[in-house]
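> If you read the protein sequences in the order shown, they are chains A and B. Going by full-length UniProt numbering, the first residue of the first sequence is number 1, and it counts up by one from there. Going by full-length UniProt numbering, the first residue of the second sequence is number 1, and it counts up by one from there. Let me give you the structure first, and then I'll get to my questions.
Protein chains: 2
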Amino acid sequence: MDIDLAELANSCGEWLRGSGPESDIVISSRIRLARNLADFPFISKASEQDRAQIEQILHAKIEAVRAAGLLPHEVHYLDVDQLEEIDRQFLVERHLISREHAESEGARGVLIDGGEQSSVMINEEDHLRIQVMHSGLDLESAWEQINQIDDLFEQQVNYAFSDKLGYLTACPTNTGTGLRVSVMLHLPALVITRQIDKVFRSLQKINLAVRGLYGEGSQAMGDFYQISNQITLGMSEQELTGKVADIVPVLLAYERQAREYLIRESQETLHDRVSRAYGILRTAQTISSEETLHLLSSVRMGVNLGLIGDVQIPTVNKLFVHTQPAHLQKLAGIELDSSDRNIQRATYLRRHLGGEVPPPATQN
Amino acid sequence: MDIDLAELANSCGEWLRGSGPESDIVISSRIRLARNLADFPFISKASEQDRAQIEQILHAKIEAVRAAGLLPHEVHYLDVDQLEEIDRQFLVERHLISREHAESEGARGVLIDGGEQSSVMINEEDHLRIQVMHSGLDLESAWEQINQIDDLFEQQVNYAFSDKLGYLTACPTNTGTGLRVSVMLHLPALVITRQIDKVFRSLQKINLAVRGLYGEGSQAMGDFYQISNQITLGMSEQELTGKVADIVPVLLAYERQAREYLIRESQETLHDRVSRAYGILRTAQTISSEETLHLLSSVRMGVNLGLIGDVQIPTVNKLFVHTQPAHLQKLAGIELDSSDRNIQRATYLRRHLGGEVPPPATQN
């Protein structure tokens, strides 16, 4: 029942496998549903006691469902309020809970499946936030999976629902389906060719939101962008999923065109950028999280374009996550200040990119 | 008799061996003598015909001396006026002729010994400029060698000499002994710790000049500095040599103290700088001459401090010279524009620093 977070740190979620469709550009497909219990006020209006009760009820339901063998994978429940700050941060880096869930207070928890495809946050902005994340472009099966999980809960509890509005949520932007469909894209060539802002303005015009690596308000580090629907009201789940799914091939085509342009017009510059990034990651003795993301982004593109042959995409994907502050500390088994983390990060990168192996002696 | 410059490009002068005393910091010890024929006007006043005659006479004397078996090594005479621009540039990069000698016009030549310890320029600023360059701190034996060469010439020709002033030279600053004593020092730690300007101001106060890698007016690239006497009048050759020789241990102590300080106070930062420099040199696909000097300087210090174990100082010294524009082109056997040179330079560096060998596959 208990989950060992240090062990989890060493492993690697399904979405990091990098084996899904279009995974050279699409990191992951993610769907989340916002749900609330009809018998309790929204979190923003709930008392401490309300929250504790909500957490108790939902946790008990989860155990009942688990006992009945209805949950697909091995699942773990974590009392987020009882976790150390570093463990909460770790779950954020792993995309298993939101930053808001980590930073808020009071009774709250999260259900995680062993494969890290799904998680259910209790007492985030809504009473229930169900999330499913698949590797690559795979919205359809993500939708099937989340729909099943939602059905399991709906059989157990009484959701706040209006025949006119649909599912009721704490924030009106989620009311209706309570659905957010998002894809995480790696768009380095659009960044290098300075087309990214133009692309984003177009997306905003059709009511799609663009966010960074860690959701709302986070910066687009490492050239990663989350594209998601802004509106949930007035459209069906299928229509909303389709709207995001339909735009992805267009973005893929833009990014691939930009990569082809770079290869054609400035192959040497591109190869140089990619190769140096790889060289620095393999030799740095101290390196910040920001520089690491920046360099790994170049390496990831380089691997996908065949400019780097001796490292695989799953390794690169894993390094993106494992070099984040909380992961580094979980993997090292000790708390580290920023300066020690930079040293630890460089050591970790060298070890995983073959950087500590000396080259053969040169002949003169 | 003829010298193959392409072959010379591939070889490596004595002063690059890096085996002389104090060679972690002292690259080379160099002495030059300025001499003029009594029967001809100084170069600045000489007609084209005068110059041609001077060149003829001195060249003939050289052949006579050579025929008599009096010259120490295998020697080569080059008609600098007949050389391609790239070959003249090559000799400058090799420190065998001065930039001024390469760029001037009219009859002029240079005598080079096969070990590249000595060279004699004809019709540079003076009729004769004799130079001896040894690896490391070795002014005494450099002085012995140049004194012998000077004596050989003095037996053959009538030098312009005044009992009151000593040897007469085109520029009054050289009149007297005609001697310039210089040491080339590698002072990266004094640059990093921002003490270099203070050191230079002290040197200027005692009438020592500081110049860059390629002499007068050249920038101090790669943290290399030439320290030399400014005045030659009123002191004996021994006193002048002693003046430079005496200051070198002081500068060595300063540089070593600065290195120890960096190791003690910011070992990680220093190691990081050195290691990244090495990583970039081993992976860049295109790189400028300036960046190369800058990075090689860090690597050189890193090797001397034991922070890099798999490359040797002679290799690094050779790369400093072989990655210069004319050397690169001589080594490649074709003329290259600046952009192609940058690619060629990166390829050369990777090949000689083991950068093309892929690391072992990483396990995930």
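Even for Gly, the Cβ is constructed at its ideal location relative to N, Cα and C. Bear in mind the structure is a predicted one, so any value in this text is a computation, not a measurement.
Count the other CB atoms within 10 Å of the CB of Pro172 (chain A); is the residue buried (16 or more) or exposed (fewer)?
Under this definition Pro172 (chain A) is an exposed residue.
> Does chain A have any CB closer than 8 Å to the CB of Ile280 (chain B)?
Cβ-Cβ to chain A under 8 Å: yes for Ile280 (chain B).
> Rounded C-beta distance between Leu91 (chain B) and Ala107 (chain B)? I'm assuming under 8 Å.
Not really, about 17 Å apart at Cβ, beyond 8 Å.
> Is Ser11 (chain A) helix, strand or coil by DSSP?
Residue state, collapsed to three classes: coil.
> Given a threshold of 16 other Cβ atoms within 10 Å of its Cβ, counted over all protein chains shown, does Thr269 (chain A) qualify as buried or as exposed?
Thr269 (chain A) comes out exposed.
> Give me the chain A residues within the contact set of Leu275 (chain B), using Cβ-Cβ distance strictly less than 8 Å, ordered along the chain.
The sequence given here has Ser at residue 275 (chain B), not Leu. Within 8 Å Cβ-Cβ: Thr283, Ala284, Gln285.
> In chain A, which residues lie with their C-beta within 9 Å of the C-beta of Thr269 (chain B)?
Here the neighbours are Gln285, Thr286.
> Give me the Cα-Cα distance between Thr232 (chain B) and Arg180 (chain B), rounded to the nearest whole angstrom.
Straight-line Cα distance between these residues: approximately 7 Å.
> Would you check if the distance between the CB atom of Val199 (chain B) and the CB atom of Leu208 (chain B) is smaller than 8 Å?
Not in contact: Val199 (chain B) and Leu208 (chain B) (Cβ atoms no closer than 8 Å).
> Flag Ile343 (chain B) as yes if its beta-carbon sits less than 8 Å from any beta-carbon of chain A, otherwise no.
Yes, Ile343 (chain B) counts as interfacial toward chain A.
> Taking only the alpha-carbon atoms, compute the straight-line gap between Tyr225 (chain A) and Gly115 (chain A) and give it to the nearest angstrom.
Between Tyr225 (chain A) and Gly115 (chain A), the C-alpha separation is close to 23 Å.
> For Asp272 (chain A), go through chain B and note every residue whose CB falls closer than 7 Å to its CB, in chain order.
Residues of chain B passing the Cβ test: Ala284, Gln285, Thr286.
> Report back the beta-carbon spacing between Leu336 (chain A) and Leu349 (chain A) to the nearest angstrom; my notes put them in contact at under 8 Å.
15 Å between Cβ atoms; not a contact.
> Apply the 10 Å Cβ neighbour rule to Arg273 (chain A) and answer buried if 16 or more other Cβ atoms are within range, or exposed otherwise.
Buried: at least 16 other Cβ atoms inside 10 Å.
> Please classify Asn158 (chain A): does DSSP put it in a helix, a strand, or coil?
Looking at Asn158 (chain A) - three-state DSSP - the assignment turns out to be coil, as it is neither helix nor strand.
> What's the C-alpha gap between Arg256 (chain B) and Asn174 (chain B)?
Distance between the alpha carbons of Arg256 (chain B) and Asn174 (chain B) is about 33 Å.
> Measure from the alpha carbon of Ser298 (chain B) to the alpha carbon of each residue in B:Ile313, B:Thr286, B:Arg51, then state which is nearest.
Taking only the C-alpha atoms, the option nearest Ser298 (chain B) is B:Ile313.
> Hey, quick one: how far does the alpha helix (DSSP H) through Val210 (chain B) stretch, first residue to last?
Element bounds for Val210 (chain B): not the alpha helix (DSSP H) but the beta strand (DSSP E), 208 to 211.
> Roughly how many angstroms lie between the CA atoms of Ala253 (chain B) and Met184 (chain B), to the nearest whole one?
Distance between the alpha carbons of Ala253 (chain B) and Met184 (chain B) is about 15 Å.
> Go ahead and pull the three-state DSSP assignment for Gln53 (chain A).
If DSSP states are grouped into helix, strand and coil, Gln53 (chain A) belongs with the helices.
> Could you spell out the range, first to last residue, of the alpha helix (DSSP H) harbouring Gln257 (chain B)?
Counting along the chain, the alpha helix (DSSP H) containing Gln257 (chain B) begins and ends at 237 to 283.
> Roughly how many angstroms separate the alpha carbons of Asn147 (chain A) and Ser141 (chain A), rounded to a whole number?
Between Asn147 (chain A) and Ser141 (chain A), the C-alpha separation is close to 10 Å.
> Using a Cβ-Cβ cut-off of 7 Å (strictly less than) and excluding sequence neighbours within five positions of His352 (chain A), which residues of its own chain qualify?
These residues qualify, in order along the chain: Thr315, Leu319.
> Quick check on Ile31 (chain B): buried or exposed, where buried means 16 or more other Cβ atoms within 10 Å of its Cβ?
Its Cβ being crowded by 16 or more others within 10 Å, Ile31 (chain B) is buried.
> Starting from Ser289 (chain A), trace the alpha helix (DSSP H) both ways and give me its first and last residue.
It spans 289 to 304 - the alpha helix (DSSP H) in which Ser289 (chain A) sits, taken as one unbroken run.
> Run through DSSP, which three-state label would Val80 (chain B) get?
It is helical.
> Along the chain, where does the beta strand (DSSP E) containing Gln230 (chain B) start, and where does it finish?
Note, Gln230 (chain B): premise wrong, no beta strand (DSSP E); not H, not E.
> Judging by CA-CA distance, which residue of A:Val132, A:Ser44, A:Lys164 is the nearest neighbour of Glu125 (chain A)?
Nearest option by C-alpha distance: A:Ser44.
> Could you check what DSSP says for Arg351 (chain A) in three-state terms: helix, strand or coil?
Arg351 (chain A) falls in the helix class under three-state DSSP.
> Short of 7 Å in beta carbon distance, which residues of its chain neighbour Asp223 (chain B), apart from the five on each side in sequence? Order them along the chain.
Excluding sequence neighbours, Asp223 (chain B) sits near His186, Leu187, Pro188, Val191, Ser297.
> Provide the residue span of the alpha helix (DSSP H) that contains Ala189 (chain B), from first to last.
188 to 192 is the span of the alpha helix (DSSP H), which, as asked, contains Ala189 (chain B).
> Compare the C-alpha of Gln49 (chain B) against each of B:Met121, B:Thr193, B:Glu105 and name the closest.
Selected option, being the one with the closest Cα: B:Glu105.
> How long is the line joining the alpha carbons of Gly302 (chain A) and Ser202 (chain A), rounded to whole angstroms?
Taking the straight line from one Cα to the other gives about 27 Å.
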